[in-house]
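The structure appears right after this line, and notes come after that.
Number of protein chains: 4
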Amino acid sequence: MKGVRALKKQKAKRQQILDAAVRVIAENGYYRAQVSRIAKEAGVADGTIYLYFNNKEDLLVSLFAETMGSFVERIKVEMHPCTGAEAKLGALVRVHLGHLAERPHLAVLTQLELRQSQATLRSKISKILEPYLSLIEQIVELGIEEHVFHAEIDKKLARQMVFGTIDQVVTSWVMGNMETDLPAQANRIQRMLAGAFRYQNTFV
Amino acid sequence: MKGVRALKKQKAKRQQILDAAVRVIAENGYYRAQVSRIAKEAGVADGTIYLYFNNKEDLLVSLFAETMGSFVERIKVEMHPCTGAEAKLGALVRVHLGHLAERPHLAVLTQLELRQSQATLRSKISKILEPYLSLIEQIVELGIEEHVFHAEIDKKLARQMVFGTIDQVVTSWVMGNMETDLPAQANRIQRMLAGAFRYQNTFV
Amino acid sequence: MKGVRALKKQKAKRQQILDAAVRVIAENGYYRAQVSRIAKEAGVADGTIYLYFNNKEDLLVSLFAETMGSFVERIKVEMHPCTGAEAKLGALVRVHLGHLAERPHLAVLTQLELRQSQATLRSKISKILEPYLSLIEQIVELGIEEHVFHAEIDKKLARQMVFGTIDQVVTSWVMGNMETDLPAQANRIQRMLAGAFRYQNTFV
Amino acid sequence: MKGVRALKKQKAKRQQILDAAVRVIAENGYYRAQVSRIAKEAGVADGTIYLYFNNKEDLLVSLFAETMGSFVERIKVEMHPCTGAEAKLGALVRVHLGHLAERPHLAVLTQLELRQSQATLRSKISKILEPYLSLIEQIVELGIEEHVFHAEIDKKLARQMVFGTIDQVVTSWVMGNMETDLPAQANRIQRMLAGAFRYQNTFV
DNA sequence: CATGAATGAGATTTCATTCAT
DNA sequence: AATGAATGAAATCTCATTCAT
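Protein chains in written order, with the numbering used here: chain H, 1 to 204; chain G, 1001 to 1204; chain D, 2001 to 2204; chain P, 3001 to 3204.
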């Protein structure tokens, strides 16, 4: 029978592989990241990877699924005590930037490798991203209920603006070799986004 | 001596290859796009591609450089008659969406394949994108001069918000198989963006 | 000290593995039959197989050796009460077809997998087949002594004809997915074979 | 445009690969024959093989199809001038043995590798073998028409006996390292087979 | 200029076998 | 004696690039 320690060990090995994969894929891109390189980096044999993942694509998808899972979880936790749509939006921006600033490899992954033109991969990735995007939508809805955001805001468009802006800021940061202070931008971004959703005032 | 017709012919062949490359890469992604497939689609021999481009990477980079060139040119032309930063911003959004809506393959390319984690490619692509991004920055500067946008707006951030938002809207459209009316969104986006840059009012 | 029960158990496990191997190899062929699959089918761990057999090849060879052993034994028993070469030949054909008809997996093994071009395997398999072939030769010799078969029959050739014919009939049956009634052919085959060995009469 | 010489060259390369494949597969068996080894033996690069064949299985099947084609052709030619079923049967046996005696590698292939338990391969091989088997059947039918063979002979069984016997004789020869004179057996085999099909006389 | 057959390094994946538990 | 996770060598197949024609 499998003991508790054995189970822990197994879990650890799976995590080792995922960690190594983040690093290697971030450095080389998905296609250029060799499975054998990931194995070496993880300190396991090539074949061991296939005990935990069906194939290379499955490794990438699992990677996203698990990292996004804890990412969304963390945002939810930090958003919870904030009251009001604007404060919640601020928390989301802050955590998003902070989380990736602490994990540069993950940032490369989400900003660059998440974009896959291969149809099968793309649809799987979309599904993983969904919980995060719906989080944004909930904030917008709350803002509308609170009469802080304009009622006729297109929710889907708002979601795209929030995600697109943060995304682009992070991408710039990644491409600029991560030399600036990313979380420091959070406040300004939040204010600009909130401004966008209140834009109608300016037409009065 | 090389006649005019011969020169035209040569140019035509180069363009044929680029056009074929856009299609094939859009359908399969850069790594999965085979040079031989591009050659076939262009109606030339595999080896011919290497008479016009150094290698596959050079083909991709040239593709971006030339398509972005005419893209930026078109935006400049359409922006010129517009007066005021907001109008110019509106023109930029409109042309950006319109241009890609007419060229779905190009959209896939810029939205998905542009994102390369391979360092050498990434820096080359960044350089190509620069003229477009500086166009946005000029609009923001103009807006500030005109006292339409807040003076303390972070120009780089503003640029990232504009690009990021449009980019995300287009990506969603591409990933949703281009079924919605992309240019129809232009107005709403422009208003949201303008709102963001006037955000300070709301703090009064 | 090892008890009787323990010994039985051990024997049982070895037999379990052999039985599983017959099934798995018959379904996939020797090379495509995975050791881990055989282990699973036998209800033992992969490593356990190596406690009973040196390696995969040894497993295959042991399989043949043991199944052929009981096969030859059964033929001898059924042939014993028959008097005369023709009757004995009839018994051999009947038992051969009957035995395999009852054991389709074994039939696949002997008809298809027995044929190995790998030299080391081939010679081992030849040796295992020998007792069966010599059984045929004894019948032919008896027939000649009894003046039922022609004295100048080439014994080796006769042996090849008997074995080759039965073999081909079984192979056809296996390849045709075992849909016909195999033992029903026994009589006709026996008569044709007997006819072949009496062929000289027809030249009179 | 492809010239005659170029075409010839191409054909030659394909044949080189097939010839090398016969040798390598005969020595190692299909599964143990590495594509890279076949390539080296043929004096081409590994990838070149895939310009002429879809995959390893296709190479094996093509091999059988083309060699069996010329084999059947040769038998037909040599059988044609012979009159009477017995003479034709003699020609078939003679050519079959002669052809393989001259091509030991091919003999290994047809006798050993032809037997594949992999279902997809097996059915393809069956189809290739069909013309040869129907040749035998035609002879048996002719013999019955000529009243040389018994009318109630089972044609399918007769076919299996002819093929099985020759097959087993060749297999023995191959396994005995081809040290005996194979074609020398032709006459005796033919007489035994003819005897088998006339077996009814002996019951009068 | 143009061709496209040929190249061969390199990638993913499989699986017989081992060995610490 | 038994386990089964881990190993890593080896195999097939792909495809960017070259070069003789």
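Virtual Cβ for every residue (Gly too), placed ideally from N, Cα, C. For clarity, every value in this text was computed on a predicted model and none was experimentally measured.
Between which residues of its own chain and residue i is the CB-CB distance below 8 Å, once the five residues before and five after are set aside?
| i | result |
| --- | --- |
| M1161 (chain G) | L1193 and A1196 |
| L3121 (chain P) | E3057, L3060 and V3061 |
For a cutoff of 7 Å on Cβ pairs, would you count residue i as touching chain G?
| i | result |
| --- | --- |
| G98 (chain H) | no |
| G29 (chain H) | yes |
| M175 (chain H) | yes |
| M178 (chain H) | no |
| M192 (chain H) | yes |
Let me confirm a value: residue i is counted as buried when at least 16 other C-beta atoms fall within 10 Å, else exposed. Which label applies?
| i | result |
| --- | --- |
| K1124 (chain G) | buried |
| R1032 (chain G) | exposed |
| T2020 (chain D) | Per the sequence shown, residue 2020 (chain D) should be read as Ala rather than Thr. So A2020 (chain D) counts as buried. |
| E207 (chain H) | Outside the displayed range of chain H (1 to 204) lies residue 207 (chain H), so it cannot be described from this structure. |
| Q2116 (chain D) | buried |
| T1180 (chain G) | exposed |
| V1108 (chain G) | buried |
| Q1990 (chain D) | Outside the shown range of chain D, which is 2001 to 2204, sits residue 1990 (chain D), and nothing can be said about it. |
| Q190 (chain H) | buried |
| G164 (chain H) | buried |
| K3011 (chain P) | exposed |
| H2080 (chain D) | exposed |
| L2060 (chain D) | buried |
| K2127 (chain D) | exposed |
| H3147 (chain P) | exposed |
| L3092 (chain P) | buried |
| V1022 (chain G) | buried |
| S1070 (chain G) | exposed |
| L2051 (chain D) | exposed |
| G143 (chain H) | buried |
Please decide whether residue i counts as near chain P, where near means a Cβ-Cβ distance under 7 Å.
| i | result |
| --- | --- |
| L2133 (chain D) | no |
| V2108 (chain D) | yes |
| R2188 (chain D) | yes |
| D2154 (chain D) | yes |
State yes or no: is the beta carbon of residue i nearer than 7 Å to at least one beta carbon in chain D?
| i | result |
| --- | --- |
| A3196 (chain P) | yes |
Apart from the five residues just before and just after residue i, which ones in its own chain have a Cβ nearer than 6 Å to its Cβ?
| i | result |
| --- | --- |
| V72 (chain H) | P131 and Y132 |
| A26 (chain H) | H105, V108 and L109 |
| Q2182 (chain D) | A quick correction: the sequence has Leu, not Gln, at residue 2182 (chain D). These residues qualify, in order along the chain: L2097, A2101 and W2173. |
| E1205 (chain G) | As shown, chain G starts at 1001 and ends at 1204. That puts residue 1205 (chain G) outside it, with no answer to give. |
Can you check whether the C-beta of residue i is within less than 7 Å of a C-beta belonging to chain H?
| i | result |
| --- | --- |
| M1068 (chain G) | no |
| V1204 (chain G) | Confidence at V1204 (chain G) is low in this model, with a pLDDT of 34, below 50, so the placement of that residue should be treated as unreliable; the coordinate-derived value is given next. Chain H contact via Cβ: absent. |
Excluding sequence positions up to five away, which residues of its chain have a Cβ less than 7 Å from the Cβ of residue i?
| i | result |
| --- | --- |
| D3167 (chain P) | Q3111 |
| Q3185 (chain P) | L3097 and V3169 |
| A158 (chain H) | V140 and F197 |
| T1067 (chain G) | L1106 |
**OP:** Return the residues of the stretch 1156-1171 of chain G that lie within a Cβ-Cβ distance of less than 8 Å from chain H, sorted by chain order.
**Re:** Taking 8 Å as the Cβ-Cβ cut-off against chain H, the residues of the stretch 1156-1171 of chain G that qualify are K1156, L1157, A1158, Q1160, M1161, F1163, G1164, T1165, I1166, D1167, Q1168, V1169 and T1171.
Original post:
Which residues, taken in chain order from the stretch 2113-2130 of chain D, show a beta carbon closer than 7 Å to some beta carbon of chain P?
Top reply: Per Cβ criterion, the list reads E2113, R2115, Q2116, S2117, Q2118, R2122 and S2126.
**OP:** Would you list, in sequence order, the uninterrupted beta strand (DSSP E) runs of no fewer than 3 residues that lie entirely inside the stretch 2109-2143 of chain D?
**Re:** For the stretch 2109-2143 of chain D, there is no continuous beta strand (DSSP E) assignment of 3+ residues that stays within its boundaries.
Subject >> Entirely enclosed beta strand (DSSP E) segments - the stretch 2167-2201 of chain D, minimum 3 residues >> reply: Counting only unbroken stretches of 3 or more residues, no beta strand (DSSP E) element lies wholly within the stretch 2167-2201 of chain D.
Subject >> Length-filtered (4 minimum) alpha helix (DSSP H) runs lying within the stretch 4-66 of chain H >> reply: The stretch 4-66 of chain H contains these whole alpha helix (DSSP H) runs: 4-28, 35-42 and 46-52.
**OP:** Check distances from the C-beta atoms of the stretch 2031-2046 of chain D to those of chain P and list, in chain order, the residues that come in under 8 Å.
**Re:** Listed by position along the chain: Y2031 and R2032.
**OP:** Return the residues of the stretch 12-26 of chain H that lie within a Cβ-Cβ distance of less than 7 Å from chain G, sorted by chain order.
**Re:** Contacts with chain G (Cβ-Cβ distance below 7 Å) from the stretch 12-26 of chain H involve A26, listed in chain order.
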